[in-house]
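Here the structure is laid out as C-alpha cells; the discussion comes afterwards.
Protein chains: 2
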Amino acid sequence: MATHTLPPATERWLEHYPVGAVVACGSVTLSEAELLEFAERYDPQPMHVDRAMAEAGPFGGLIASGWHTIGLMMPLFVEHYLPFNGMAAPGIEEVRWHRPVRPGDTLRPQVTVLESRVSQSRPEFGVVRCLVEVFNQKDELVLSLRPTNLIRRRPDAAAQG
Amino acid sequence: MATHTLPPATERWLEHYPVGAVVACGSVTLSEAELLEFAERYDPQPMHVDRAMAEAGPFGGLIASGWHTIGLMMPLFVEHYLPFNGMAAPGIEEVRWHRPVRPGDTLRPQVTVLESRVSQSRPEFGVVRCLVEVFNQKDELVLSLRPTNLIRRRPDAAAQG
C-alpha cells in the first residue's frame, strides 16, 4: 500500500486506520548534548553517559539509550499517527533495538497498521495494533515495537453498532 | 526465594543472577513538575501535559507517560541490578502499564530472574531474562516488562567453558 496520510489529529477515527496502511511520521535529528542529558537522568549507563568508556567499548563511541530513541519517536507518532486526546495504551509487544543510534543521527519513524477491529467490551472504540519502525539516515532499521492503541470510532459509526 | 542482594555493580557476574532471585531496587517519588517536563519533550499527549484536559478525561487528572515510568525505573535498575558497564540490551518482551502513575506517587521496582544461561554464540557472556515489576506506594503493580540482558561471566568461570 502506498504511504497513507491521515487527517489532522482532531479528525482521526478508527476508519482511518485500515490494515496495511503505512504512515510516514517525519524525522528528528539527535544531538550529543541531548543524548547525554536524557541518559544522565533516565538511563545512566557508561555507553550512554561516559564518552571515554563508550569509546573504549564495543560501539566505539556514545550511543543513545534505547528509551531515548523511543522518546524521540513518540512526539512524531503522536503528531502524525495518534488521534488527538486519545486513550492510554495498555502495552507494547516486542521492543527491539536493532542498531545503535549515535549523536547526529536523523531518525525517521514509519507506522504500519497490523490489525484494526471494533472493541468487543467497549464498542465506541477500535483496537488497533501497529508496527512502529524507526530508520536512520542510511535507511537502516534502528528500532521496532508493536503498540496496541484504543482509537475512537466516529460517533455515527459507533451508534450503528 | 528471599530478597537477593547483589554485590556492588563492578563485581556482578552471571553467577550472581540465579533463576528465582528477587532484587529490590529502592524507590523514587515523581513530582508534577517532572511529569510535565518529561511529557512535553517525549510524549506530548493531553493526559500527560494538559492539566485541564486530563482532569476532564477518564483518569481525572494528569498521569505520567508510560515511558517516563520506565525512565524512573531505569536508574534504579542500573544501580541495583545491572553490572557496571554492561552490554546494550537487544530488546524487551511485553511492556504492560497496569495502572496510571500520578504526581506524588512513589515507585518501587523489583526484579525477578526468570532465566539465566551461558550464551552459545559468546560463551564469555550469560543471557539473563528477568521480569521487572514496579509497584506504587499502595503496593499496586503499575508497570511490568521483560528485558533480556547480556551479563559477563567471571573471567575464571568463562575460561573453564
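Residue numbers (this note's numbering), protein chains in the order written: chain A, 1 to 161; chain B, 1001 to 1161. Note that CB positions come from ideal geometry on N, CA and C, so glycine has one too. Since the structure is predicted, the reported quantities are computational estimates derived from the model, not experimental observations.
Smallest Cα separation from residue i: which of the options?
i	options	result
M87(A)	Q45(A), G57(A), R153(A) and M73(A)	R153(A)
F958(B)	L1150(B), A1157(B) and A1159(B)	In the structure displayed, chain B extends from 1001 to 1161; residue 958(B) sits before or after that span and is not available.
D1105(B)	S1031(B), A1009(B), W1013(B) and G1026(B)	S1031(B)
L35(A)	G66(A), P8(A), E124(A) and T3(A)	G66(A)
R108(A)	N136(A), G61(A) and E115(A)	N136(A)
T1010(B)	V1049(B), V1095(B) and L1082(B)	L1082(B)
Q160(A)	A33(A), A89(A) and P123(A)	P123(A)
H1098(B)	D1139(B), Q1120(B), R1012(B) and A1033(B)	D1139(B)
Kindly list the residues whose CB is nearer than 6 Å to the CB of residue i, restricted to its own chain and excluding five residues on each side of it in sequence; keep chain order.
i	result
V1118(B)	G1126
V113(A)	Y17, V19, A21 and C130
G1057(B)	M1047
E93(A)	R146
R1012(B)	L1006 and P1083
M53(A)	P46
By Cβ distance below 7 Å, which residues in the same chain neighbour residue i in space, the five residues on each side in sequence not counted?
i	result
G91(A)	T148
E55(A)	G61
P8(A)	none
L49(A)	According to the sequence displayed, residue 49(A) carries Val and not Leu. Hits under 7 Å: L36, A39 and E40.
R1051(B)	L1062
A89(A)	P147, T148 and N149
Please confirm whether residue i and residue j have their CB atoms less than 8 Å apart.
i	j	result
T69(A)	V142(A)	yes
S1144(B)	V1128(B)	no
H1080(B)	V1134(B)	no
P95(A)	V1095(B)	Reading the sequence as shown, one finds Val at residue 95(A) and not Pro. In this structure, V1095(B) lies closer than 8 Å to V95(A) by Cβ.
R1102(B)	G1061(B)	yes
For residue i, which residues in the same chain have their Cβ closer than 8 Å to its Cβ, ignoring the five residues on either side in sequence?
i	result
P100(A)	F59, I63, A64 and V142
L1014(B)	S1116, V1118, F1125, G1126, V1128, I1151, R1152, R1153, R1154 and A1157
G1026(B)	L1076, E1079, H1080, R1108 and P1109
T5(A)	V23
V1003(B)	First, the amino acid is wrong: residue 1003(B) is Thr here, not Val. Once the five neighbours on either side are set aside, the close Cβ partners of T1003(B) are V1022, V1023 and A1024.
S121(A)	none
- Task: Count the CB pairs spanning the stretch 37-51 of chain A and the stretch 1058-1078 of chain B that are closer than 8 Å, and state whether there are at least three.
- Result: Result yes; three or more Cβ-Cβ pairs closer than 8 Å.
- Task: Jot down the residue ranges of each uninterrupted beta strand (DSSP E) in the stretch 1012-1098 of chain B, minimum 3 residues, whole runs only, in chain order.
- Result: 1022-1024 and 1091-1097
- Query: What residue ranges within the stretch 89-154 of chain A form continuous beta strand (DSSP E) runs of no fewer than 3 residues, ordered along the chain?
  - Reply: 91-97, 106-118, 125-135 and 141-152
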